[in-house]
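Numbering (the UniProt record's numbering), first residue to last: 1 to 328. Ideal Cβ positions, reconstructed from N, Cα and C, are used throughout, including at glycine. These numbers come from a predicted model, not from an experiment. Heads up, the thing below is written out as structure tokens.
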């Protein structure tokens, strides 16, 4: 976010001014009975524009940011597609970086041999899988999706749905672009045709309202509010786990349901048999598969963590002044 202007008394020197306003303190909000996410709203402004983001301090307080999976995906999201990271599947420990051309040029048997060489070189146990993951900076266009966050957050907020979900989904599903997945999901919130219709959107040969950000956000908010959150609570209660909607681990669980479906999330939790809701529950989901909950599903909350960290870096990288407002 580079914006410059001349200041008379500083001659022609350029200066970046970025102020970040924290809207309300948690105590004030609770006393006024406002939405639990109000204390996470940050207005980010320079002299040309302002934007609204949701910043969860739990990401850092609970040390989600230092998890190896978060560090891995953050690096992948910023890495060019011409490079690959060789990594351990279970921990996402990075072993080496190689040119993508070197990997794609190998035959199937050569790739097996290469993985075995990496296993021996880095003393990786035989029961651990070795992945080769290419950079995805050409897909995760954070600079381009950043201006759209305000609209998505506002739609969710006005519908009394936690706007953190809007931000998280916009950052990882189809950031800054309108692409259709192989399965048929489309739009900024990557809604499947049937899901979009069920939430009130028109999707046919002539009209596809999923391409409209506001309408797509409205449908996604309804999906989160009426299906994902209720099913998350139901699944947790079936394991006698207390529901804590304000907690980051609960938000990640809801995101998993948004992506993989309630049935698949229920299946993996039945396999894990958790006794408590916390970071450990989400990390266990990263290590277990069940029904349709596979590798892509495991990655989803990891991507959410990494993208929030990149957003934080993007917002604060040019910050010279931070102003905290305890009340409106």
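(request) Locate the beta strand (DSSP E) running through residue 84, then write down its first and last residues. (result) 83-88
(message) I'd like to check one pair, residue 289 with residue 268: are the Cβ atoms closer than 9 Å?
(response) yes
(request) Measuring alpha carbon to alpha carbon, tell me which of 169, 227 and 205 ends up nearest residue 216. (result) 169
(request) For my contact list, residue 80 and residue 97 are in at a C-beta cut-off of 8 Å; report their separation, rounded to the angstrom. (result) Contact flag wrong, Cβ pair sits at about 11 Å.
(request) Report all residues from its chain with a CB closer than 6 Å to the CB of residue 265; omit the five preceding and five following residues, and keep chain order. (result) 256 and 257
(request) Can you give me the start and stop residues for the beta strand (DSSP E) that residue 50 sits inside? (result) 50-54
(request) Kindly list the residues whose CB is nearer than 8 Å to the CB of residue 66, restricted to its own chain and excluding five residues on each side of it in sequence; keep chain order. (result) none
(request) In the DSSP assignment, find the beta strand (DSSP E) that holds residue 43 and state where it starts and stops. (result) 41-45
(request) State whether the segment 212-230 contacts the segment 156-163, with contact taken as three or more CB pairs (one from each stretch) at a distance under 8 Å. (result) yes
(message) Three or more C-beta pairs under 8 Å: does that hold for the segment 303-312 against the segment 134-144?
(response) yes
(message) Would residue 219 and residue 165 be called neighbours here (beta carbons separated by less than 9 Å)?
(response) no
(request) Whole angstroms is fine: what's the gap from residue 123's alpha carbon to residue 130's? (result) 12 Å
(message) Rounded to whole angstroms, what is the Cα-Cα separation between residue 286 and residue 90?
(response) 8 Å
(message) Whole angstroms are fine: how far does the CA of residue 232 sit from the CA of residue 254?
(response) 6 Å
(request) Would you tell me roughly how many angstroms separate the C-alpha atoms of residue 197 and residue 118, rounded to the nearest one? (result) 48 Å
(message) For a test of the three-state rule: what should DSSP assign to residue 124, helix, strand or coil?
(response) coil
(request) Tell me whether residue 27 is buried or exposed, calling it buried when 16 or more other Cβ atoms sit within 10 Å of its Cβ. (result) Note that residue 27 scores a pLDDT of 42, beneath 50, so its modelled location is shaky; the value from the coordinates is reported in the next line. Exposed is the call here.
(request) Count the other CB atoms, across all protein chains shown, that sit within 10 Å of the CB of residue 293; report buried if there are 16 or more and exposed otherwise. (result) buried
(message) Applying the 10 Å Cβ sphere with the 16-neighbour rule, what's the burial state of residue 274?
(response) buried
(request) Rounded to whole angstroms, what's the CA-CA distance from residue 236 to residue 190? Just pull it up for me. (result) 26 Å
(message) Assuming residue 175 and residue 145 are in contact, meaning their beta carbons sit under 8 Å apart, how far apart are those beta carbons, in whole angstroms?
(response) 4 Å
(request) Counting only the same chain and skipping the five closest in sequence on each side, list residues whose C-beta sits under 6 Å from that of residue 180. (result) 186
(message) Looking only at its chain, what residues have a beta carbon closer than 6 Å to the beta carbon of residue 51, apart from the 5 residues adjacent to it on each side?
(response) 44 and 150
(request) Report all residues from its chain with a CB closer than 7 Å to the CB of residue 302; omit the five preceding and five following residues, and keep chain order. (result) 69, 70, 73 and 286
(message) Relative to the C-alpha of residue 49, which candidate in 244, 246, 148 and 85 has its C-alpha closest?
(response) 148
(message) For the alpha helix (DSSP H) containing residue 132, name the first residue and the last one.
(response) It is not in any alpha helix (DSSP H) - residue 132 instead sits in the beta strand (DSSP E) that spans 130-134.
(request) Mind reading off the beta-carbon distance from residue 214 to residue 155? Whole number of angstroms is fine, and I expect it under 8 Å. (result) 6 Å
(request) Run the CB neighbour count on residue 261, radius 10 Å, all protein chains shown included, and call it buried at 16 or more, exposed below. (result) buried
(request) Drop a sphere of 10 angstroms on the beta-carbon of residue 202, count the other beta-carbons inside from all chains shown, and report buried for 16 or more, exposed for fewer. (result) exposed
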